[in-house]
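Worksheet: one structure, shown below.
Number of protein chains: 4
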Amino acid sequence: VAERLIQSLATTEALADLFSDRSVLAALLQFEAGLARAQARLKLIPQAAADAIAAAARPGNFDADVLAAEILRAGTPGIPISKALTEAVRRTDPSAAGFVHWGATSQDVADTAMVLLLQQAQPIIESDLVRLQSALRGLAEHHSTTVMLGRTLMQAAPPVTFGLKAAGWLDSISACTQRLHEAFSDALVLQFGGASGTLAALGERGDEVGRELARELDLKYPSAPWHTRREGLAALVCACGILAGALGKMARDISLLMQNEVAEAAEPGGQGRGGSSTMPHKRNPIGCSLTLASANRLPALVASFLSCMIQEHERGVGGWQAEWPILSQVMQSTGVAAASMREVAEGLTFDAARMRANINATHGLIFAEKAMMLLAPKLGRDGAHKLVEAATKTSVANSRPLAEVLAEMSEVSQHLDPATIRDLDDPEKYLGCAEIFRQRLLNASKNRNSPAKE
Amino acid sequence: VAERLIQSLATTEALADLFSDRSVLAALLQFEAGLARAQARLKLIPQAAADAIAAAARPGNFDADVLAAEILRAGTPGIPISKALTEAVRRTDPSAAGFVHWGATSQDVADTAMVLLLQQAQPIIESDLVRLQSALRGLAEHHSTTVMLGRTLMQAAPPVTFGLKAAGWLDSISACTQRLHEAFSDALVLQFGGASGTLAALGERGDEVGRELARELDLKYPSAPWHTRREGLAALVCACGILAGALGKMARDISLLMQNEVAEAAEPGGQGRGGSSTMPHKRNPIGCSLTLASANRLPALVASFLSCMIQEHERGVGGWQAEWPILSQVMQSTGVAAASMREVAEGLTFDAARMRANINATHGLIFAEKAMMLLAPKLGRDGAHKLVEAATKTSVANSRPLAEVLAEMSEVSQHLDPATIRDLDDPEKYLGCAEIFRQRLLNASKNRNSPAKE
Amino acid sequence: VAERLIQSLATTEALADLFSDRSVLAALLQFEAGLARAQARLKLIPQAAADAIAAAARPGNFDADVLAAEILRAGTPGIPISKALTEAVRRTDPSAAGFVHWGATSQDVADTAMVLLLQQAQPIIESDLVRLQSALRGLAEHHSTTVMLGRTLMQAAPPVTFGLKAAGWLDSISACTQRLHEAFSDALVLQFGGASGTLAALGERGDEVGRELARELDLKYPSAPWHTRREGLAALVCACGILAGALGKMARDISLLMQNEVAEAAEPGGQGRGGSSTMPHKRNPIGCSLTLASANRLPALVASFLSCMIQEHERGVGGWQAEWPILSQVMQSTGVAAASMREVAEGLTFDAARMRANINATHGLIFAEKAMMLLAPKLGRDGAHKLVEAATKTSVANSRPLAEVLAEMSEVSQHLDPATIRDLDDPEKYLGCAEIFRQRLLNASKNRNSPAKE
Amino acid sequence: VAERLIQSLATTEALADLFSDRSVLAALLQFEAGLARAQARLKLIPQAAADAIAAAARPGNFDADVLAAEILRAGTPGIPISKALTEAVRRTDPSAAGFVHWGATSQDVADTAMVLLLQQAQPIIESDLVRLQSALRGLAEHHSTTVMLGRTLMQAAPPVTFGLKAAGWLDSISACTQRLHEAFSDALVLQFGGASGTLAALGERGDEVGRELARELDLKYPSAPWHTRREGLAALVCACGILAGALGKMARDISLLMQNEVAEAAEPGGQGRGGSSTMPHKRNPIGCSLTLASANRLPALVASFLSCMIQEHERGVGGWQAEWPILSQVMQSTGVAAASMREVAEGLTFDAARMRANINATHGLIFAEKAMMLLAPKLGRDGAHKLVEAATKTSVANSRPLAEVLAEMSEVSQHLDPATIRDLDDPEKYLGCAEIFRQRLLNASKNRNSPAKE
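Residue numbers (the numbering used here), protein chains in the order written: chain A, 661 to 1114; chain B, 661 to 1114; chain C, 661 to 1114; chain D, 661 to 1114.
This is how it looks when you write it as structure tokens:
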């Protein structure tokens, strides 16, 4: 039963494929084949048995719908998959059938399969994040002097530069990417513990088998099985949640800049994206909306995973069983957000003239703070405050630039020279440390251990 | 791309089918065909066009994978589906193609399709809830005298009856079922508003079309479109979350009763359920674990849906786009919990002897409260307290029944006659209002407006 | 230890008072005094004892900080409060001390105290909701002809009326208010069950005592104790979460309208609200930000409460113990959102001229859909589409009104008379069912069972 | 207004004090005084003004209830606090009043104050975690040979050691403690950006002031202000959520072991903790219940914080305003869980005899897996399986040890020598790698960078 449509806005093609039946089956079987190979290498089972198991362990041999029904009844993917594989092996080599899943428990195969899927999800998601950062770096580097309104509480505030804004997005996403990268590394760990997590069925050889199996699957070997310790996966899920927040912040900013009344930037259109059939010029914030949708879903997925951490004794009742859908949705939602913002950043258009026009439309009121800081040393803060307050009132009432109004006030011209007053509403002259901060953010993001550099 | 395995523990076969591509496509097309039919009936479009549209609107005509990719680009299912249908119609009747999706907006088809899916989910979920309640009613009716330990903070407490416990589960689930039923009714509402929710493209006939379309689809017709008003769906999601909590409570109770050391009840095995290949007698709490897994996922899904309610102006950016996966998971998770507990309740086994044995194993200490209540009127509360405290210490130290210890204390035998002391640790004699409460709970659940009765 | 500052943005004065130590103590003591009175009336304890207990049960007699420390150790408020009350009674009437908390369990007093606090929270929150609705009704009634841009995905769309928008807010909040009202009614229920929920310590009189106590406290009497059945409270919490979503949607809309570049509406300033010392004209969306902050917190609080529903057997381990802070935050967060939006709605200013100007600034492109609907019957949909697409391109390129551009195209003037073309970008002529919907929403909200009417 | 009672189970005394009005006020004023000192040192304001500001900046000078009301109106703590401080300074040194809050914005003081509170929360929480780990290390080291049932899905499984279980708790909490420690380090960063985050009001000196201020407050100085970048705080909140999950898992395990029917371990009683007045021997899992309550609340608090990360442009509307209560509850809930489990671990009692008795009560059925592994090489897996299945059925039916039943079967005695059969149900002989894993977990936790070591 295909289920692509219902989640079509919550995944990408690559990640939907990764969590498809064929791919999940492949991961489950990779564990069983790897286990047999490792055990054969250690002479625990015959090489011929391992060969037969590996040969049978191909997704095409199994019916996912039948397995899904059996998994629901068994309450775990492990039992049906090892039974089905045993039967498949028995058909070609009856003597090998008994060596399937030797000494393992059902959670071993289920957890390791999930880890193998995460291993494949990592480069898919990270490659979008690397490209996204590269696009943002470009914006941050080229817009050191492109001024635009600062906006606090969605109201006009003293100016910033578009470069600083982009550098802020960049460094935030860069920090989140690094956290995600480390969390992936920490989470890509073999699960292998047998019934109670002691590998007792393998006697003294259990640990050796585990090590060999980890090598076989290119996973880390842990201190001990982690059947009911989920903090590694939890950290990965949290890293996705935090990243989604950072991507969502950028998406919200851009969707606000795209409003017709603001019109300072726009995400790219093209290829069926966000157009309107009757309004060909129209660009809807589709990439932003997909990202914000992910940012709406991820916090709860994180909470859900954290709730599931309360797992009883050596295998939980209800916590563990909830994890698969959560993890696959976390990966897919994170991936669609990363891919969407990558596309948005790579094709982002912006309108520097409109940015300046929007500053001008405030009649210089956003520089009232500056006027006050200039006058306070002369008139005292209270005096300066009263004066500027009066000037802004006049400015608003008559729709005249604040600088003009101030220039006409004798208390002002007495203390500030004409050039200073003229410069008052020049955004370039009121950027404070914007440039210092922009450069420092760029450097910080460069110096981080990003996935691309390894 | 089929995605059954990854969510195999989070759905049932019927609900997985309902949210499959074919079924989602059918719902989307049902809207478009219904719209054409309604408009033809109102003479807004030619009947021949409506016939051509209805003929083309069959899921088999469309490729879900292609559509999924287009939906991701468009940021909405509505545009690709109406385009694809237009093309399909054009192939058979070019003159009819222009009448597809006439006057509707993309969210109209997407929302109504989801409502049509919810319409089908309702009887699937409710039929399990009806059977679950019937099974619980049986337990509650037949166990008015089966005594068992009360347990507070998972510690032994004065006795209850199994009938009272089952009646509690029943009435709680009955109340939640009724809430769910009403929430379904309230949510099964047509969405039809056109671009800005005014149906302007249909001039003065919009409202008439909407009414006709609602009739066509057997949905309620709302006061106005609800593109960015989601409280009806939110209430449905919340009703599922509350129900999952009630089912989860029952599942937790039963999984605790199933522990080897307690062994008072067990969910049924059979058909690949929860067995162990080497321990054929073993019964794992599989139904309970699936239910608890749902109860672990649902609260966060509820939160997620509530977060999405902040939808901007006439169509949201990021809130609406997140809803489909949430709603489908809510339905499927609720459904698997209802189905699991239905199976658990219908096949629940219990061990009345073990229940009594577990009471006896406390040496009557759970009746210390009773002893104190009996002695307080004679010795004052403080005196009674001191006495009983001493007796329980002796009882614990020597592993002797509290009643025996008390019987040997002169301060006790002086005030209480031997029969009273003998009865002290008789659970049947310390059930208070258990029977009154059991009957009242049974009545309350009977008098509720349950889905089965309509 | 006062903790007002840290949550100063998350409560109102009235609700902070309600959940203050004095008020919580009063509610706890109200239960104990009420129990004693009820038992005296039923001759279970001496009237003199009840009088002594009621006399001692005054908040001023207790030290909240000491109690808080003891409650943390006991893991429940019930034990320390009944001990402290017992000691207080003992000081005035030693013989009465033994009758404190007679037959009750610690959860009885804790749950009932919370219910008594909810009983007081209801009118506080509902009175703001009633006033909010009344203000919205005014806006919805007076703005049937005030046109403004529809906005989908935060992009310009065909026009709506301000009256329709306000009617949408109104009806949504009205529906949520009714749900909240019913949930309060359902939740205001006595808790009284004794140790295991059977009232065994009171023998056969338990049920009678419960009924009398419920009457005494003006609470409903339930079918049975609900120590580990929390669906009633859960429904109340959910109703708050849904309401917060509806209020948050309105707050988001208004904060978007308040942007300098949009400037169509503004929440009131005054009294230290949202001003800027240097920019006296500035109005920050403070009420909206407080409401959106509540809407950010509530979904998770709901999830948290639902997670806590899994309560074991007759008293839970960890679920119940988490409820008090959640419930108090839910009430306070809901209350601050209701109060904030009440103030916003009552003082909302709007600028109809700016609304029209923002429509005009789109050069009529939002009417492209209308042009296409007019031309389609003449040219076929494809032909109409091609023509309008070309016209919008010209309109955008030359910044000219779409109607003008169309008027100059012979394919258009051939089919549409000049008046029709002239009317094309008249917003009043493209409102579809806006007026029908506005009136229907007003009626729906009027006919609902609102708290004010009872 | 004190609000201790309502959250008495959700905090500790030390953390309640930390987030009390006096302490919050102190942190807010510490920023303002520190800013004045830093600016005086850099000759931006007169030293006398800085002295006057520092002198006035004492919590006792301000009325928290009045401030709370003003903060609610202003929508931010920053404006009322700087106004009130300005007035306080004016009373002693009018000329200094104008230098209060010089060049800062309201979010600068609010965010930095929160960071200063987190700085103080860190050692409070970490000291409990260090002691908890030390207690767990003791248990893990001393119980390498104490055997107990493994339990999967809360059903009996092959044995583990108590030392392994404790080592698992230890290493998990150790990993979480390290993550928390690093997250604290990353989050203790100055906020200082002025109105738009460019420090424009301070001209070219802004960056210098920021650096000096960070030194003054012993905080890190960031690359740039982080007014709408919250990933650092989010990571701290997530670290708390993950830790709560690990603590909750341990609490669940212990509360299960404390059940009367299991009785293998118990948390300490004493000092009003969890006792029952009539059952002095009774120990309720109070520490566990407080921890599980925290683990019930934290996931949603994490989700809430993540939801708030979507903060618009240079200052958010609704995201930022929700953070204070969330952060204070996260710290307090985490702290009460850490303190509770510290107390539980330090006083944990256990009953090795009962552990063994519970193993024996399974009649050796948990060793069926072992029997099968022994027989499979001789009889093939299928043959072995059939045999063992039959034996377990007999064992259950007759309540006889599985080893005895097997010993009597000729197919078994033919292949296994009597000693092997006799050893079959010896738990010490079926521990697999338990000891290897225990030691490795102990080493892993030792080698981690724990807070105590710095």
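Just so it is clear, CB atoms sit at the ideal spot from N, CA and C, and this is done for glycine as well.
In this text the structure is predicted, and so the values were computed from the model without any measurement.
Same chain, Cβ closer than 6 Å to residue i, neighbours up to 5 away in sequence not counted
i       : result
D:V1072 : L1066
A:A998  : I785, D788 and L789
A:G857  : P885, H887 and E974
Residue i and residue j closer than 8 Å at C-beta
i      : j       : result
A:R750 : A:A744  : no
C:T812 : B:A884  : no
A:V897 : A:L961  : yes
D:Q767 : D:Q851  : yes
D:V769 : D:F691  : yes
C:A800 : C:R1108 : no
A:A607 : A:A687  : Since the displayed chain A opens at 661 and closes at 1114, residue 607 of chain A lies outside it and no answer follows.
First and last residue of the uninterrupted alpha helix (DSSP H) at residue i
i      : result
C:V775 : S766 to H802
Selection from the options that minimises the alpha carbon distance to residue i
i       : options                           : result
A:Q815  : C:I902, C:E663, C:E974 and C:L916 : C:L916
B:L903  : B:R733, B:E786 and B:A1012        : B:E786
D:G901  : A:E921, A:F965, A:G976 and A:F844 : A:F965
D:R1014 : D:M969, D:A708 and D:A925         : D:A925
B:L1091 : B:G720, B:P819 and B:P754         : B:P819
D:L893  : D:S742, D:A686, D:S683 and D:D846 : D:D846
A:R718  : A:I731, A:T746 and A:I705         : A:T746
D:H802  : D:I784, D:K825 and D:A817         : D:K825
Residues of its chain near residue i, where Cβ-Cβ distance is below 8 Å and the 5 sequence neighbours each way are ignored
i       : result
D:R1041 : M1032
B:L952  : G908, A911, R912 and S915
C:T752  : A712, A715 and A716
Collapsed DSSP secondary structure at residue i in the structure displayed
i       : result
D:P1037 : helix
C:E1114 : The pLDDT assigned to C:E1114 is 47, lower than 50, so where the model puts this residue is not dependable, and the model offers no usable value.
C:V996  : helix
B:A662  : strand
A:A717  : coil
C:L809  : strand
D:V922  : coil
D:K703  : coil
D:F1097 : helix
C:V1048 : helix
Segment limits, beta strand (DSSP E) that includes residue i
i      : result
D:P819 : Q815 to T821
B:M969 : Where B:M969 is concerned, there is no enclosing beta strand (DSSP E), given that its DSSP letter is neither H nor E.
Cutoff 7 Å; reference residue i; Cβ partners in own chain excluding five residues on either side
i      : result
B:R865 : L702 and L704
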